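Quick notes on the structure that follows.
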Amino acid sequence: MANANPNKQPTVRARIRFAKYGVMRFVGHLDMMRFFQKAIRRAGLPIAYSGGFHPHQIMSFALPLGIGVTSEGEYMDIELTEKVVPENAIQRLNDQMADGVKVLSFVYLPDKSQKAMAAVEAASYVVGLKEPEGKAVHVLARQGADGSAGMGNDGSIFAEMPLEPLFREGLRLFYEEADDIIIIKKTKKSERQLDLKPLIYEFKLSDNAEKTAFLPSKDVGVSNGDQHDLYFYLTLSAGSTDNIKPELVFSHFMKSLGIEEDAYRLAIHRLDLLTRNPEGQFVSLGDAVGLL
Amino acid sequence: MEALALSDDILLSVDKAARYIGNEINHIKKNPSDVDIRFALCFPDVYEIGMSHLGIQILYEMFNRRSDVYCERVYSPWADLHTILKERDIPLFALESQQPVRDFDFLGITLQYEMCYTNILQILDLSKLPLLAAERTEADPLVIGGGPCTYNPEPIADFFDLFYIGEGELQYDALFDLYLSMKKDDAYTREAFLRRAAQIPGIYVPSLYDVTYADDGTLASFAPMYDDVPAKVHRQVVTDLDAAPYPTKPVIPFVQATQDRIVLEIMRGCIRGCRFCQAGMVYRPNREKSLDTLKRYAREMIETTGYEEISLSSLSSSDYSALPELVNFLIDECAAKRVNISLPSLRIDAFSLDVMKKVQDIKKTSLTFAPEAGSQRMRDVINKGLTIEDILGGSELAFKGGWNKVKLYFMLGLPGETDEDIQAIPELGNEIASLYYDTVPKEERTGRCQITMSTSFFVPKPFTPFQWARMYPPGEYLRRAKLLNDTMKEQLNRKSLRYQWHQADVTVLEGIFARGDRRVGAVIRKAYEYGALFDAWSEYFDMEKWERAFADCGVDPDFYIMRERPADELLPWDFIDTGISKDFLRREWERAKRGEVTANCRKQCSGCGCRAYGGGVCFG
Ligand code: SF4
Ligand code: SF4
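Line by line, the protein sequences are chains X and Z. Note that the numbering used here numbers the first sequence so that position 241 is 241, with each residue one more than the last. Note that the numbering used here numbers the second sequence so that position 12 is 304, with each residue one more than the last.
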């Protein structure tokens, strides 16, 4: 890392993994940064500061989380002026957390390791889908504009399917058996065609039996701890190039089913951020520390 | 974790959802069934503004110290959520429990500025409470108002069950105890409670006073309806601030608040008697906190908040007697803890410039003066003891020290203001610019100096020597602003001068609310019905709605604006005893007309009446 401040005292870098859940899902990324800056000061961690008239804490976050999304795979890197025993740092930070933020791990980084943001290659999610109370949405799987129903060629059957087979079938056609998933990606400046297929590393619907096993760690509820009817598991390309959000995938998935985008309540929960080990396999951003 | 009052789809559709979820660091959570009184404490403006207010944090901490009271916070939902709450019929809720305000025992609303009046109605309306106190039932919370606008609560009197006049630290316990004992003895009805509450010092129950008007529209009489209701309501004043509760663990918002820093209140009141300034009058006498107390608070709050900045709060920090010691302490303490120091409202002199050099980046900051008037004559009229020597001397020092930006604040429309007085403002700006070019050699300059003059239009306020003064129609204010602007363009250094002025319509409205009587309430209600809301926000303020409301209610704005009141007129706020005698105010009004200055409280007591409180500068 380039050393901007030549007089800077030597520092150690640490990576913190935290969970964000419950009502905290409505606190935005910038507000979370400001929250942690204060929490670190209250915790009395020996954080390093930049130079200048208004020094700021040396801290960087990996991949901002959208509003409304919960997570147990948030990471931030900080620099400390001296080492603190990790268990002690976790304890001190957790004493300063709001209800809905919890520090899960604290590890020191080897000198030359990449910053968290630069290391991110993929993100894994669980997405809960819930049928709105009082109305079965699957009958909303309605005829497309061209008269074709749903996404298949046999729309009438489609429309009568119960929730789970409907989505299982839909997923097979949309993802598993599709050669490509071409979408138009709009940015402020341009529009471009993009094939989602190679950027979706995993997209599956959990079996009924698996459902509970798939629930995120005990004290990290998905969206207020609601139970959902279906749980999808996704691993998506993430980072500075080709950052694919689960919302985007679902919006195209729903469209392919001929279902209105907001017909179901989706609860998105990020499970982890992933990087690649030297063998090219995905590993957790937290585990990767030792490998680099 | 509590369930939220708003569903995910609502929270995902509104701006800054974190305004509505509570759960902030240092918020206080209690089990509603463990307490006897639920108090919803409201600042009727958007969260970021309301969360920046010290008074709310003081009361929040103080109320919650009682185990029988659970005090929660409420702010104005922003316009986007306002629409959703109305459309979907969702009642307004308090942040901590996320439960509806209408189920509380009290709804306390702080009244910090007149332009929040329609927001009060928004709070009542969204809470599904009757807007008029007279229409509320036993099931509704008691709506109580406090804060500076209670020094003339009459325009909003119909919307409140009671007002608390003065500093909140003193009588809330008595009010709560009365409420609890009447409930316990089964003696409680809304009416009976209000009748007895009116006997607590500082409590004003508008429904217990009869108001009559003379043919010319002025007040004919203002009197209590019953013998046991006091004719005068006495402002409550804390004499020992060191002993008063202070929120050393303030609630820290997730959303960035306007005041995103530690606020250290160093004193209350002001020793100077600027004649336009309501705060300088109604917070008398000036009372300081001791240096030891402030050191303790500062250390503690740096620990408990994690804020990166600390700011001193008072009306005029330069007048704090131990300022050098306090500032030096903060510089030492804060450097070690990496906390920045912000020092607003310091008078510019050698000391403050020296301090500012240590704590700020001078390239980024500008020097601020508030001469309030351009000519010495006018400054004498308003009793602003800032002389041309102070301004030029301070500027010269600052220019030598490396500053090149100066901000100057003035008022237009002051009593007796002439065109020459107005023109003196850009002339003063020009003189400061010349001084820069004379003081700083060419090779040391980084471009031009920048002198920004900013004017607000003067609004006469109750309990000031100018409470009798007239105002002007909006067109006249704009003429004055234009005269200033035109004169500026004639100045030698015009390229170094900038001028900004405020809206004139808002000024006129503020003037009507500041000195209005109960008849103005109907207009506020009408305007709210027409959609007026967030009037303090220029992007929402719509004069057309107000003009319609005045016309529909048959209330003539000119009656409140254009008249200079005779000194013996019965004024709507005369029933309040602020400790400042009307004789003193009259004397000051006369002296103003003669251009005579009055010494500050430290130099010489001018017998305003506040000595009776038994503390502060009067005994210094
Ligand atoms: S110095 Fe003057 S304007 Fe400022 S607070 Fe004191 S009285 Fe008011
Ligand atoms: S009584 Fe005298 S010293 Fe005290 S506030 Fe009034 S003028 Fe100032």
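For glycine and all other residues, C-beta sits at the position ideal for the given N, C-alpha and C. Source: prediction; values computed, not measured.
Looking at the unbroken alpha helix (DSSP H) that takes in residue i, where does it start and where does it end?
| i | result |
| --- | --- |
| Cys363/Z | Per DSSP, Cys363/Z belongs to no alpha helix (DSSP H); it is in the beta strand (DSSP E), Val361 to Tyr367. |
| Cys334/Z | Taken as a continuous stretch (DSSP letters only), Cys334/Z belongs to no alpha helix (DSSP H), being part of the beta strand (DSSP E) at Ile329 to Phe335. |
| Glu719/Z | Asp711 to Thr731 |
| Val751/Z | Counting along the chain, Val751/Z falls outside any alpha helix (DSSP H), and DSSP gives it neither H nor E. |
| Ala512/Z | Run containing Ala512/Z: none in the alpha helix (DSSP H); it sits in the beta strand (DSSP E), Leu511 to Pro516. |
| Met24/X | Premise fails: Met24/X is in no alpha helix (DSSP H) and is neither H nor E. |
| Lys629/Z | Leu615 to Lys629 |
| Gln349/Z | Leu346 to Arg357 |
Give me the Cβ distance between residue i and residue j, rounded to the nearest whole Å; I'm assuming they're in contact under 8 Å.
| i | j | result |
| --- | --- | --- |
| Ile448/Z | Tyr409/Z | 6 Å |
| Arg41/X | Gly598/Z | 4 Å |
| Gly721/Z | Met745/Z | 5 Å |
| Phe203/X | Phe232/X | 7 Å |
| Leu462/Z | Gly494/Z | 7 Å |
| Val126/X | His252/X | Actually they do not touch by this definition, with Cβ atoms about 19 Å apart. |
| Phe26/X | Ala295/Z | That pair is no contact at about 13 Å. |
| Ile743/Z | Leu700/Z | 7 Å |
| Ser613/Z | Pro636/Z | Not a contact, Cβ separation roughly 18 Å. |
| Met780/Z | Tyr791/Z | 5 Å |
| Ile329/Z | Tyr471/Z | 7 Å |
| Asp453/Z | Leu486/Z | 6 Å |
Please report whether the beta-carbon of residue i lies at a distance below 8 Å from any beta-carbon of chain Z.
| i | result |
| --- | --- |
| Ala4/X | Any reading at Ala4/X is ruled out, since the residue's pLDDT is 47, under 50, leaving its predicted position unreliable. |
| Arg270/X | no |
| Val341/X | In the structure displayed, chain X extends from 1 to 292; residue 341/X sits before or after that span and is not available. |
| Val23/X | yes |
| Asp99/X | yes |
| Val127/X | no |
| Phe18/X | no |
| Arg34/X | yes |
| Phe26/X | yes |
| Asp31/X | yes |
| Thr11/X | no |
Could you check whether the Cβ of residue i sits closer than 8 Å to any Cβ belonging to chain X?
| i | result |
| --- | --- |
| Val543/Z | no |
| Leu622/Z | no |
| Arg630/Z | yes |
| Leu384/Z | no |
| Gly598/Z | yes |
| Asn323/Z | no |
| Ile558/Z | no |
| Ala490/Z | no |
| Asn315/Z | yes |
| Ala310/Z | yes |
| Asp307/Z | no |
| Asp300/Z | yes |
| Leu377/Z | no |
| Leu784/Z | no |
| Leu770/Z | no |
Which residue marks the beginning of the beta strand (DSSP E) containing residue i, and which one marks its end?
| i | result |
| --- | --- |
| Phe398/Z | Phe398 to Thr402 |
| Ile633/Z | Asn632 to Ser634 |
| Asp195/X | Glu191 to Asp195 |
* How about the stretch 111–123 of chain X and the stretch 253–268 of chain X: do they share at least three Cβ pairs that are nearer than 8 Å? -> no
* Determine contact between the stretch 791–809 of chain Z and the stretch 851–862 of chain Z, defined as no fewer than three beta-carbon pairs at a distance below 8 Å. => yes
* Short-range partners of chain Z found in the stretch 39–51 of chain X, where Cβ spacing is below 7 Å -> Residues of the stretch 39–51 of chain X that bring their beta carbon within less than 7 Å of a beta carbon in chain Z comprise Ala39, Arg41, Arg42 and Tyr49, in sequence order.
* Inter-stretch contact at 8 Å, needing at least 3 Cβ pairs: the stretch 833–845 of chain Z / the stretch 530–547 of chain Z -> no
* To do: Could you please tell me which residues of the stretch 830–843 of chain Z, in chain order, have their CB closer than 9 Å to any CB of chain X?
  => none
* **Near-chain Z residues of the stretch 50–68 of chain X (beta-carbon distance less than 7 Å), N- to C-terminal order** => Phe53, His54, Pro55, Ile67 and Gly68
* **Cβ contact (3+ pairs, closer than 8 Å) linking the stretch 72–87 of chain X and the stretch 7–18 of chain X** => yes
* **chain X contacts from the stretch 721–755 of chain Z (Cβ-Cβ distance under 9 Å)** => none
* the stretch 515–548 of chain Z: positions lying closer than 9 Å to chain X by Cβ -> When C-beta distances to chain X are compared with 9 Å, the residues of the stretch 515–548 of chain Z below that value are Ile544, Pro545, Phe546, Val547 and Gln548, in chain order.
* So does the stretch 856–863 of chain Z actually touch the stretch 760–771 of chain Z, counting three or more Cβ pairs closer than 8 Å? -> The stretch 856–863 of chain Z, when compared against the stretch 760–771 of chain Z, does touch it at the 8 Å Cβ threshold.
* Closer than 7 Å, Cβ to Cβ, to anything on chain X: give me those residues from the stretch 643–667 of chain Z, in chain order. => Going along the stretch 643–667 of chain Z in chain order, one finds Asp653 with a Cβ nearer than 7 Å to chain X.
* Asked: Does the pairing of the stretch 867–883 of chain Z with the stretch 514–528 of chain Z give three or more beta-carbon distances under 8 Å?
  -> yes
* Does the stretch 32–46 of chain X come close enough to the stretch 76–89 of chain X that 3 or more CB-CB pairs lie under 8 Å? -> Flag = yes, the stretch 76–89 of chain X and the stretch 32–46 of chain X touch.
* Can we say the stretch 355–364 of chain Z touches the stretch 574–584 of chain Z, given the rule of at least three CB pairs closer than 8 Å? -> Three or more Cβ pairs closer than 8 Å define a contact, and the stretch 355–364 of chain Z falls short of that threshold against the stretch 574–584 of chain Z.
* To do: Quick one: which residues of the stretch 352–373 of chain Z get their C-beta closer than 7 Å to a C-beta of chain X? List them in chain order.
  => none
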